[in-house]
Structure formats: structure tokens, C-alpha cells
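**Q** Here it is, the structure in full.
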Amino acid sequence: MNADQHDPTSGIPDRGRYYATTPIFYVNAAPHIGHAYTTILVDVVTRFHRLRGNDTFFLTGTDEHGEKVAKAAARAGLTPQAYTDQVAAEFRTTWDAMGIAYDEFIRTTEPRHQRIVREVLQKVYDNGDIFYGEYSGLYCVGAERFVTEKEIVDGKCPDSDEAPEYRTEANYFFRMEKYRPWLRDHIERNPDFIRPERYRNEVLAMLREPIGDLSISRPRSRVPWGIPLPWDEEHVTYVWFDALINYWSALVSRGEEQRYWPVVNHFIAKDIVKPHGVFWPTMLKAAGIPVYKHLNVHGYWLQDERKMSKSLGNVVGPLELQAKYGRDAFRYFLLRDMSFGLDASFNEPAIAERINADLANDLGNLLNRTLGMLTKYRRGVVPAFGALERPDEVLRDAFLALPDALSAHFDELHFERGLEEVMQAVRAANKYIAEQQPWALAKDPAQAGRLDTVLRTCLEALRCASVLLECVMPEKCRALRVQLGLPDASATLSDARHWDGLPALTTAGAGDPLFPRIDLAALQDELAADSGPPLEHKPEVDIDAFAALELRVALVTHVEPHPKADKLLVLTVQLGSETRTIVSGIRAHYTPEQLVGKQVVIIANLKPVRLRGVESQGMVLSAEDPDGSLAVVTVDRDAVPGAEVR
RNA sequence: GGCGAUGUAGCUCAGCUGGUUUAGAGCGCACGACUCAUAAUCGUGAGGUCGACGGUUCGAGCCCGUCCAUCGCUACCA
């Protein structure tokens, strides 16, 4: 590969080398669109750096220690190692199926990782930045964790009836607070350390107040599935000291920390800003390792319309979307439709519209019409340029400016802007055809030279576009070049810096449409017809189980908002001679006025419970729609309040 | 209630440290042009109080305050 001589980012020290990471994913389910986005993003970025000729390294992997993994393994009837072997393999298979070109896949259970974690820990320990401390607090046995006093309701653990017990547990702590002033200063001095800026500001806000010291171990007796501390084998590392170090251990175990660590770029979603923006740099500082270069934070993909719901089972996975819309087209959508750092919403019609507009109509059709004319007018033989006229030069210059423009935008994490600039040039090429009217030139033999130039200009435009878009759509861009008569091979960015990349007199010809147009009407119908997955049923019960419930009609006589909870209403209901108070979580769905006078159905023999200080003596039945909205159950005609429902 | 955000054309969104005029793009829509092409392309248009109110300023979509709405996390949803 040739180093890119025209790199506009030569001012930044990253030049020449690049190292990017995804988080290591916690292994318990197939990747969702969030995982897939981060990974595809890093794949695009690293492919782009390779395209530029940079020495590039791409790391991903899996986080495999901890209590939850051990439990999941037990549930599956496997040893933790066997379980994680299986899940890690699933992740690898998924990334491979998605064409992710990672250089290394690290697992936190690998000996090389464990060794380096222990080394780093020992170093920090030797520096005096780890101390042994006792932690006392309220512990809930059922939940196997300490709880805060705020979580205790009526002296009971959350999610259970048991009372917490007072326990003391000894842990090791990392003196994180000690490094707070240093970290604040570092972030102040390096404005692009965490980016986009909104997340930098968020971390600075965290650092304005004490961050405390970080508990980094758990007793091995309680959490056996972890890396033992080097100086105390009775404790294992807890979460972050294990997981974050993967970014470093993967390089060290290959002996490549000198080569890549100075240019490390972490890519994460916004939910793990704190560990990466606060814990990780202070850990590195304490361990005497230079801090990372950039932390790049992206937002979430939100699915609107059919609200994504696991219980509904209508979560559309990234693999499905890829299969449906095409791997490369889906990648293009993800990169084009999200502003880096912000949340983005999506739905399938939006994906289809983007693909149709940009890829099928603009780019794919440009290829098709150009090759159509080449075949028709020149029997598929690539012509040489004649004398260039002004419009030819304008289009050429627009394309030749793109490698720098694209690099600048990608370096700023503005992927959508970079892609939009490329598409603008593609649209300019379509406009160029409309203006030059090659079909008219073809009718006049005297214009043969001019037609050659116009056709060749379009061909070069397409060739350059295929190079510029290669990191986003590697397969399609190669296929595009093959249709142009070029070898089936990768490109380098410098291929897009000249306007004579096609050998004259070779032949080219249209193949299948690169991006078939998606029938939007059919898609709408399909989505409308999709009534969702089958219902999940609970185990059968006999009539006695039902008879144990006392359901009664109750007249709502008074309703007021719960004084101390946003989502609760306090209803006063009448059933026969009794008056009861019921607390119900329907405040988002009903106003008090809408409920007063209604006859609702309640469970009358439910054990009373206090909710945020108000005792609830029963429960109002309601129907929950797939989108979460509630409709209370009422009776078809007025009944006597207190009437039993059977 | 706490914490964090967001609110710009029908839709999805750009608008960096406040000052190129009559606030932009893409999609969609309407009309027109063309025919090489995946009913694609090209042109034109449709006139959005830049959430509301108040303030700072010579000047604010961009700064400050208050409010409203929405979203996420959280408390909580018997």
C-alpha cells in the first residue's frame, strides 16, 4: 500500500498509524443493532485508514468474567469456560457473517489477558494506589448484592420480601479520587480527548464532584469466576479492571504496544461513557501507561413506530436487516443516517428510502446508464479522452477534491457529511449526463470525439466513487469496478486522486443492478401484514387457581395523583359497603377525571402493600397494548359495586 | 421527584466559537424537461413565528432566565 501523500490531516499525530477498538461485548445474547453499529463503524473507520495506506489495527472481543456469566453458565448446565467458549464463538461467527475485518478478537478469559491484567494490577498496587478496605452495608441475600438505603422499602429488599442483613465485606479499592484533578486537567488541555464535545462536557461534569475510590475486587468465595489478584488470591478483579485492560493487553501480548498504543481510538456507545471517560484514564495513569488518544462516543439507534419490545419479540436484529437489505446497503444506511454522537431513529421504510434514493437511483443507476451507453455507442470499449471542455473539468475537479474532503470529515467523525459529499458528486455526474446529452452526440458522427470524452468522464467518476465508498461498501464497490472492467481487487485512496484509472480500449459492461430498487409499497404492505410473533402462554391452571382470586367490580369515586411518585395514581373505590384505596401505575394513561365514575375490575384479595408511602388495597386490572399503553377493564353494563367477577 | 438531553420546512435532520444578505440539505410532494438508464435522471416550486415567553447585545436559531413538550437513565408502576 502506498502512503497517502495528500492526507489533509498531516497535522495530527495519528498520521500513518491507527488503532481502533470496539468495547468487548458482554456475552449473553446475539448482538443487537447497537453492538452491530459500533462494530460496523469501527470496521468502516479502519478500512478507511487502510485505504489511506495507514498501518491499521482493529480490535474487538468479548467480556467473559463475572457473576452473571457464571450464573448463566450454570443455568445452561455448562462450566463457565464451556459456556463462554460457546458464546464467544457465536460473536465471532456473527462478525464474520457481517464481514467485519477485525485483526484481533480478544477474550478476557485468555491466559495472555489474565497475565497482563495481573501485571497491571501489581504495578498499581506497588505504587500504593490500591488499598484494602472494609465495606459495610445492607446486603440482600436473594439478590446477592449490597443495596443502598434508598432501595429499602418498608425495611424490605427490592424485588423480594426478605429483610436485608447488615454485612461487612472486605474489598480492594483503587485510589481513583486521587487522580481526579489530573484527569480534569488532562481533559481541559486536550479538547478532543473525548468527543464529540457533549460527552467531554459530561465527563467534566462528573469530575466536578468527588468520584470516590473504585471497588475493584470481590471475594473469590462469592464470585469464583474471575481473575485472582496477584497479591491476594482470595480476591478476584471486579468488572472494569478486568475488562478495560483488554485494549492494552491485546497489544502487549502481541508485542505491539509501541506500534499502536500511541494512536488508540476507542469507540463506544454513550451508555459506557463513565467507565471509559473516568475509570479507564485514571487506571492507565496509575499504571504508568500513557492514556488513550481519543474516546469517540456515539448515540443510540431508536426504533420508532412499532416500538421495539423484547416481550413482543419484534426486535429486528442486525443480521436480519442485513439479509433483507443487503450487507453493504445496510452499512451505508447506518453511517449515512446517524450524526455521530447523537441518537438516531430508524424504521425499515427509512432504510429502504435511503437505499433507493442514494444507492439505487443515484449511484446504481449512474453505473447502469453509463454502461448502457458505452455498450450501445461504443460496444463496451472504454474510450480515450478527447480534449476536455469546461463541464468535464468541473466534474473531474469535484471528484478529485473528494479524497481530502472525505478524510477530513471522517477524521472529525462526521461520516454522514463525508458520504453526503460523495453523493453530491454522484448527483453532479447525473446532471452532467443530462446536460451533455450523449444520446444526441451519438447521432452525429462529427461528435464522436466529444462522445468519447463524455463517456470516459462518467466512467472515471464511477471509478472514483467506488474507491471513495469502498470502506463503507467493500463488496459493492469491488463489484462496481468489475463492471467497469477493472480487476476484482481492493483499492487505495490514491486511486481516487487521478482521472485516468481505466485502461483505454478494455471492455466494460453492465452486470446485474448493483443496488436493486426496493418496492416501497410492497414493503409497507409486508410490514402492515406482520402481525407479530405468536403469543407466549403461561402453564395451564385448573379452576381452583382462578377461584383463589377474588375479582370484584368497584366504582371509582375519587382519584388523585400520588404525592411522591410520577407514575402513580391513588384511587378511592367503592365496592358494596367497603371503601378502599388502590394505588395504580396508570397515570401516564388516564387523568383523574377520566377515571372517576368508572366501574373497574379489581383484585380484592391481594395482599396490601405500601407504595411510596401509600397503602394499596388491591389492584386494578387493565389491558396492556404492545406499545405499552394501558386500558382499564370495565364492565359492559353497570353492575352493583362489589359484584364478584367470575 | 433526581440526573442527562432534545425541541429548525410533511418526514429525517445540518447549522462550528452570535453578524454573507430574503434560515439550509436530503427525502416526500406538485409541475415541467428529457429518454442513455433500476418508472430511474435533470429543472422549477411549494414560503418553516428556527417549542413559548422574557432578557443580554448595535445584531441571536446559535448567549442567559423562566415555562411547555418529548426522550433516556433513575425512583416507582400490586
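Under our numbering, the first residue of the first sequence carries the number 34, and numbering increases by one thereafter.
Think of the CB as a built atom: it goes at the ideal place given N, C-alpha and C, for glycine as much as any other residue.
A quick note: this is a predicted structure, and the numbers were derived from the prediction, not measured.
1. Could you pull the start and end residues of the beta strand (DSSP E) that P56 belongs to?
2. Taking just the CA atoms, how far does K509 sit from A276?
3. Looking at L584 and L663, is the spacing between their C-beta atoms short of 9 Å?
4. To the nearest angstrom, report how far apart G518 and F379 are at their CA atoms.
5. Whole angstroms are fine: how far does the CA of L399 sit from the CA of R151?
6. Here's the rule: buried if 16 or more other CB atoms are within 10 angstroms of the residue's CB, otherwise exposed. What is Y165?
7. So what does R643 bridge to, in DSSP terms?
8. According to DSSP, is E472 helix, strand or coil?
9. With A319 and D162 assumed to form a contact (beta carbons below 8 Å), what rounded beta-carbon distance in angstroms separates them?
10. Should R620 and K600 be called a contact, given that it needs their Cβ atoms to be closer than 9 Å?
11. Going by DSSP, what residues sit across from W334 in a beta bridge?
12. Answer yes if the segment 95-104 comes into contact with the segment 316-335, meaning at least three C-beta pairs across the two stretches below 8 Å, and no otherwise.
13. Does the segment 380-397 come close enough to the segment 532-543 to have 3 or more Cβ pairs within less than 8 Å?
14. In whole angstroms, give me the CA-to-CA distance for D444 and D225.
15. Name, in chain order, the residues that DSSP records as bridge partners for L547.
16. CB-CB under 6 Å to K357, same chain, minus the five flanking residues each way: which ones, in chain order?
17. Looking at the unbroken beta strand (DSSP E) that takes in Q355, where does it start and where does it end?
18. For the segment 404-415 and the segment 257-276, state whether three or more C-beta atom pairs, one from each stretch, are separated by less than 8 Å.
19. When the Cβ atoms of the segment 467-485 are set against those of the segment 493-510, are three or more pairs found closer than 8 Å?
20. Between the Cα of L452 and those of F432, R369, R514 and Q516, spot the shortest distance and give me the residue it belongs to.
21. Do Y623 and V673 have their C-beta atoms within less than 9 Å of each other?
22. Is the beta carbon of P263 less than 9 Å from the beta carbon of Q155?
23. Taking all protein chains shown into account, do 16 or more other C-beta atoms lie within 10 angstroms of the C-beta of D96, making it buried, or fewer, making it exposed?
24. Looking at the secondary structure, which residues open and close the alpha helix (DSSP H) in which G482 lies?
25. Counting only the same chain and skipping the five closest in sequence on each side, list residues whose C-beta sits under 7 Å from that of S372.
26. Excluding sequence positions up to five away, which residues of its chain have a Cβ less than 7 Å from the Cβ of G67?
27. Starting from the N-terminal side, write out each stretch of the alpha helix (DSSP H) that is 4 residues or longer and does not extend beyond the segment 214-300.
28. Could you tell me which of V586, T667, E648 and V647 sits nearest to A656, measuring between CA atoms?
29. Since I believe V603 is in contact with V616 (beta carbons under 8 Å), could you give me their beta-carbon distance rounded to a whole number of angstroms?
30. Quick one: is P257 buried, meaning 16 or more other Cβ sit within 10 Å of its Cβ, or exposed?
31. On the DSSP bridge list, what partners appear for G94?
32. Of all the options R483, M406, N463 and I384, which has the alpha carbon lying nearest to the alpha carbon of L421?
33. Run through DSSP, which three-state label would R5 get?
34. Check for me: the beta strand (DSSP E) holding L399 runs from which residue to which?
35. Looking only at C-alpha atoms, which of Y465, A53, V647 and V606 sits nearest to N762?
36. For A676, which three-state DSSP category applies?
**A** So, from the listed chains and residues:
1. R50 to Y59
2. 36 Å
3. no
4. 37 Å
5. 57 Å
6. exposed
7. E648
8. What sits at residue 472 in the sequence shown is Trp, not Glu. Looking at W472 - three-state DSSP - the assignment turns out to be helix.
9. 5 Å
10. yes
11. A377
12. no
13. no
14. 11 Å
15. Per DSSP, none; premise fails for L547.
16. none
17. No beta strand (DSSP E) holds Q355; the alpha helix (DSSP H) holding it covers P351 to Y358.
18. no
19. no
20. R369
21. no
22. yes
23. buried
24. A481 to L501
25. E449
26. A302, Y333 and W334
27. 230-239, 273-276, 279-285 and 290-293
28. T667
29. 6 Å
30. exposed
31. I57 and I139
32. R483
33. Only positions 34 to 679 of the chain appear in this structure, which leaves residue 5 out of reach.
34. From DSSP, L399 is part of no beta strand (DSSP E) but of the alpha helix (DSSP H) over N398 to R411.
35. Since the displayed the chain opens at 34 and closes at 679, residue 762 lies outside it and no answer follows.
36. coil
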